[in-house]
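K.L.:
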Amino acid sequence: MSFAQNPMSRSFKANAGAALRDRTLQRAMGYLGFREKRLEAVARLPEFEALRDQAREIKNHTLAHLDFYLEAYEAKVLESGGQVHWCRTPDEARRAVLALCRSVGARTVTRGKTMIGEEIALNPFLEENGIQPVETDLGEYIIQLRSEPPSHIIAPAIHVTKEQVAETFLAKHAAYGKTRLLTEPREMLEEARGILRDKFLRADVGITGANFLVAETGSSIIVTNEGNGDLTQLLPKIHIVLATPEKLVPTLEDASTILRLLARSATGQEYSVYTTVSTGPRRAGDLDGPAQYHVVILDNGRTAMLGTEFQDMLRCIRCSACLNHCPVYNAVGGHAYGWVYPGPMGSVLTPSLIGVDQAGALPNASTFCGKCESVCPMKIPLPKMMRHWREREHEAKLSPVLARWGLKAWAFAARRPLLYRAMTRWAAAILGALGRRHGNLANLPLASGWTEFRDLPAPEGKTFHALWAERGR
Amino acid sequence: MSAREQMLADVRRALGRKGPLDAAIRASLETRLKGHKPNLVPRRGQVRGREAIEAFVRMAEFSLATVKRVHGENEVPAAVADYLKGQNLAPRLRMAPDPQLDAIPWGAAPMLQIARGKPDPSDEVGLGGAFAAIAETGTLMLRSGPDSPSTLNFLPETHIVVVKAGAVLGSYENAWARLRQAQGALPRTVNLITGPSRSGDIEQTLQLGAHGPRRLHIVLVDDGSESGRR
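Protein chains in written order, with my numbering: chain B, -4 to 468; chain W, 191 to 420.
(1) Using a beta-carbon distance below 9 Å, is R405 (chain W) in contact with chain B?
(2) Quick one: residues in its chain with C-beta nearer than 6 Å to the C-beta of L226 (chain B), no 5 flanking neighbours on either side, listed in chain order?
(3) Buried or exposed for V396 (chain B), please, with buried defined as at least 16 other CB atoms from any protein chain shown within 10 angstroms of its CB.
(4) For A50 (chain B), name the three-state secondary structure that DSSP assigns.
(5) Within 9 Å of any Cβ in chain W, is that where the Cβ of F195 (chain B) sits?
(6) Could you check whether L359 (chain W) and A323 (chain W) sit closer than 9 Å to each other, using their CB atoms as the reference points?
(7) Quick check on the DSSP output: the alpha helix (DSSP H) that includes F7 (chain B) runs from which residue to which?
(8) Under 9 Å, CB to CB, which of the residues in the stretch 383 to 397 of chain W have a partner in chain B?
(9) Tell me, please, which residues DSSP counts as bridged to N381 (chain W).
(10) Give, in chain order, every unbroken run of the alpha helix (DSSP H) that is at least 4 residues long and sits entirely within the stretch 138 to 178 of chain B.
(11) Within the same chain, show all residues whose beta-carbon is closer than 7 Å to that of S342 (chain B), passing over the 5 residues directly before and after it, in chain order.
(12) Would K208 (chain W) count as contacting chain B if we go by Cβ distances under 9 Å?
(13) Within 10 angstroms of the Cβ of T221 (chain W), are there 16 or more other Cβ atoms? Answer buried if so, exposed if not.
(14) Mind listing the chain B neighbours of A400 (chain W)? Cutoff is C-beta to C-beta under 8 Å, in chain order.
(15) Which runs of the alpha helix (DSSP H) fall wholly inside the stretch 190 to 267 of chain B and span at least 4 residues, in chain order?
(16) Among residues of its own chain, excluding the 5 on either side of K392 (chain B), which ones have a beta-carbon nearer than 8 Å to its beta-carbon?
(17) From the DSSP output, in three-state form, read off N438 (chain B) for me.
(18) Helix, strand or coil for V358 (chain W)? Go by DSSP, reduced to three states.
(19) Using the rule of at least 16 other Cβ atoms within 10 Å of the residue's Cβ for burial, across every protein chain shown, is H320 (chain B) buried or exposed?
(20) Quick one: list the residues of chain B neighbouring M249 (chain W), beta-carbon separation under 8 Å, in chain order.
(21) So, with DSSP's three-state summary, where would you put A323 (chain W)?
(22) Is the shortest distance between the beta-carbon of W81 (chain B) and the beta-carbons of chain W less than 9 Å?
(23) Among W:T329, W:A286, W:P281, which residue has its Cα nearest to the Cα of I306 (chain W)?
(24) Give the residues from the stretch 259 to 286 of chain B that approach chain W closer than 9 Å (Cβ to any Cβ), ordered along the chain.
(25) What does a CB cutoff of less than 6 Å around F43 (chain B) pick up in its chain, not counting 5 residues either side in sequence?
(26) Does the beta-carbon of H261 (chain W) have 16 or more other beta-carbons within 10 angstroms, so that it is buried, or is it exposed?
(27) To be precise: take each residue of the stretch 242 to 257 of chain B, compare its Cβ to all Cβ atoms of chain W, and keep it if any distance is under 8 Å. Which residues remain?
(28) Out of W:E263, W:H226, W:T256, W:R378, point me to the one whose CA is closest to S415 (chain W)'s CA.
(29) Please return the same chain residues whose Cβ sits closer than 7 Å to the Cβ of T103 (chain B), not counting the five positions on each side in sequence.
(30) How about R188 (chain B) and H401 (chain W): are their beta carbons less than 9 Å apart?
(31) Could you check how far apart the C-beta atoms of K157 (chain B) and E393 (chain W) are, in whole angstroms? I think they sit under 8 Å.
(32) Against chain B, does D292 (chain W) count as a neighbour if the rule is that its beta carbon must be under 9 Å from one of theirs?
(33) By alpha-carbon positions, which one of B:S394, B:P285, B:E162 ends up nearest to D352 (chain B)?
(34) Since K258 (chain W) is in the beta strand (DSSP E), which residue starts that stretch and which ends it?
(35) Leaving aside the five residues before and after R313 (chain B) along the sequence, list all residues of the same chain whose C-beta is less than 8 Å from its C-beta, in chain order.
(36) Taking Cβ positions only, does R420 (chain W) come closer than 9 Å to chain B?
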């Protein structure tokens, strides 16, 4: 299943309700250990804050001169023997990938983890065209077998319990002669490793994403912990990189600065196990590596974000810190968001990419607690941008009718101080009287959605305005 | 208009640029690209000499690599043989066809069966040489070339890397500078490796050896020479 083909963001509320009632999901999500690990890793690097500021400046500088850096990058890719395919839409990107696969008669394609592959729904498209795509990141492999989309950017199968993994492997690995129900994660890893090793060796094309594109050298950089991205790109004839323009940084030094933040913010590691810098195809005399190197640069709405109040979002390095720290994400998981990118970064990016009419519910799924912005290594003002989306949704009259009426009524009263004070005085008096016995209100007409799960503290005595006036200040 | 021209035009319009990039700005951007100016390098990456070697060992072990320090190249064969024995592995390995590794007196450990070249899927142990080692995070830098197949870093379950003390540097920036100095344009693949392969994809449980090596063993040839020199 692919959210890119079938967006479900419109039904966020229903999705979230179902997620909260899903006991298996709640058990799987349990507790995200990434948060403590991040804290420890940040504490080990006193320069962390200063590096955040520099990283933000590097990306801002790159975005402000993106045309220059795109052209400089392309020239270097060509110089090192690679090719660049410019694609405005998912359809153009899919067709570019298919043409490359067909050029070598590919039957099996291995894939390193890429969110852009999700964004363009590449796997279903390749399957329709008779090519078998094999996800090689362990988490991605598990959900591919389960026909599910990822629910987290760096831990795509975080919503799956080990019992579910065991059942999935039992059902899908019989074809390889594996017929035992496994119980330990170690056994599951070993079984998947064995099956995928064979796929790596037989693949005709390897597709990876890119964490960075380096203008200085024409290189793409990926980080993984498993090493799957490396076997994906080193063994087949063709290495295809799926990237977007905002992945650019000027130099290896700039990439190094941001890399100091990436793993630390994501998993709390000092550095990812494998950081790989790939430049062009194999060279004369090389003993291995791909004979062809192609970079697909997909726009799909990115350049339209430049110069708008959403430009800062293009600094995102997909570390997932905002997901890990979001109370909403932690409660409902990634699938409830109904599109490729979940959590706070998804709530900002998704309306940009598929429209606020489709995804307007997402920027509303926030308490504005601000944790996402405070942990973002690139200092992206996520709550501010969610507010911008709420404004746009309101202006386009896409928000619920009742909410717009309520706001209009409130605005009417707020512009008339006497009326406003009288109304708040009455409301405080009535609610105070109703709740006098228990000190709180267990249910309220028109606000049952709120009082169903908690009580409203009853007002005690006078309004703020009245108290202020009494103290003569 | 091609997709390329369209995308670049979209970028320029969004950035509010009417004509071509101002010549002075272009020149400054080109200078920035060629300048390789490091940004802030954390203090722990600014170490040299003995301090860098000690930090490298500490951080490599923190990343779950194992480190054996030997005092000269002549001790490397025995260190490798002992390690394989200790891990209950057969004394067979695939070695990168690197003249610097060839210079090690392997005959001192005659039980080791060494094949040179790129790995076969059946090879269980791979041995290569690091171009640089980075103290800041205990990271190895290996580069591809006729003497260094990159698949050797990933296919065998056990990866042994020989690091000379002179290759130990403080920061990534130091390593990039040395690589540019050594060979100008980048090789096809530069692998920065920090510990053995791992995955936490099943219930956030850390497992080593996901697709790459389950063990990363570093033999550090610490012959008393200064780190940062070759």
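Where is the CB? At the ideal position from N, CA and C, for every residue including glycine.
These numbers were taken from a predicted model, which means no experiment stands behind them.
P.N.:
This is what the structure holds:
(1) False, the Cβ-Cβ gap to chain B never drops below 9 Å.
(2) Spatial neighbours of L226 (chain B) in its own chain (CB-CB distance under 6 Å, excluding positions within 5 residues in sequence) are listed in chain order as F195.
(3) Exposed is the call here.
(4) Note: A50 (chain B) maps to helix in three-state DSSP.
(5) Interface flag for F195 (chain B) against chain W is set, since a Cβ pair is found closer than 9 Å.
(6) Cβ distance < 9 Å, so A323 (chain W) and L359 (chain W) count as in contact.
(7) Element bounds for F7 (chain B): 7 to 16.
(8) Flagged, chain order: I383, T384, G385, P386, S387, R388, S389, G390, D391, I392, E393, Q394, T395, Q397.
(9) Partner(s): B:T271, W:L332.
(10) Taking only runs of at least 4 residues, the alpha helix (DSSP H) segments lying wholly in the stretch 138 to 178 of chain B are 157 to 167.
(11) Counting only residues of its own chain and dropping the five nearest sequence neighbours on each side, S342 (chain B) has a CB closer than 7 Å to the CB of L357, P358, A360, S361, M381.
(12) Taking 9 Å as the CB threshold, K208 (chain W) stays off the interface with chain B.
(13) When all chains shown are included, T221 (chain W) counts as exposed.
(14) Chain B residues near A400 (chain W): L133, L184, R188, N220, E221, G222, N223.
(15) DSSP runs (the alpha helix (DSSP H)) wholly in the stretch 190 to 267 of chain B: 223 to 229, 247 to 261.
(16) The answer, listed in chain order, is R399.
(17) In this structure, N438 (chain B) counts as coil in the three-state DSSP scheme.
(18) The DSSP-derived three-state label of V358 (chain W) is strand.
(19) The residue is buried, with at least 16 neighbouring Cβ atoms inside 10 Å.
(20) In chain order: E265.
(21) In the three-state scheme derived from DSSP, where H, G and I count as helix and E and B as strand, A323 (chain W) is classed as strand.
(22) At least one CB atom of chain W sits nearer than 9 Å to the CB of W81 (chain B).
(23) The residue asked about is misnamed: residue 306 (chain W) is Arg in this sequence, not Ile. Ranking W:T329, W:A286, W:P281 by CA distance to the CA of R306 (chain W) puts W:A286 first.
(24) Considering only beta carbons, the part of the stretch 259 to 286 of chain B lying closer than 9 Å to chain W consists of T262, Q264, E265, Y266, S267, V268, Y269, T270, T271, V272, S273, T274, G275, P276, R277, R278, A279, G280, D281, L282, D283, G284, P285, in chain order.
(25) Excluding sequence neighbours, F43 (chain B) sits near V37.
(26) H261 (chain W) is exposed by the Cβ-count criterion.
(27) The residues in question are P245, T246, L247, E248, D249, S251, T252, L254, R255.
(28) Checked all of W:E263, W:H226, W:T256, W:R378; the closest Cα to S415 (chain W) is W:E263.
(29) For T103 (chain B), where only same-chain residues beyond five positions count, the Cβ hits under 7 Å are Q127, V129, K194, R197, A198, D199.
(30) Yes; because the gap between Cβ atoms is below 9 Å, this pair is in contact.
(31) Correct: roughly 5 Å between the Cβ atoms.
(32) No - not a single Cβ of chain B is within 9 Å of the one on D292 (chain W).
(33) Selected option, being the one with the closest Cα: B:S394.
(34) Where K258 (chain W) is concerned, the enclosing beta strand (DSSP E) starts and stops at 256 to 260.
(35) M110, I148, I149, N206, M340.
(36) Because R420 (chain W) carries a pLDDT of 45, less than 50, the predicted location of this residue cannot be relied on, and the following value inherits that uncertainty. Chain B, which has no Cβ nearer than 9 Å to the Cβ of R420 (chain W), makes this no.
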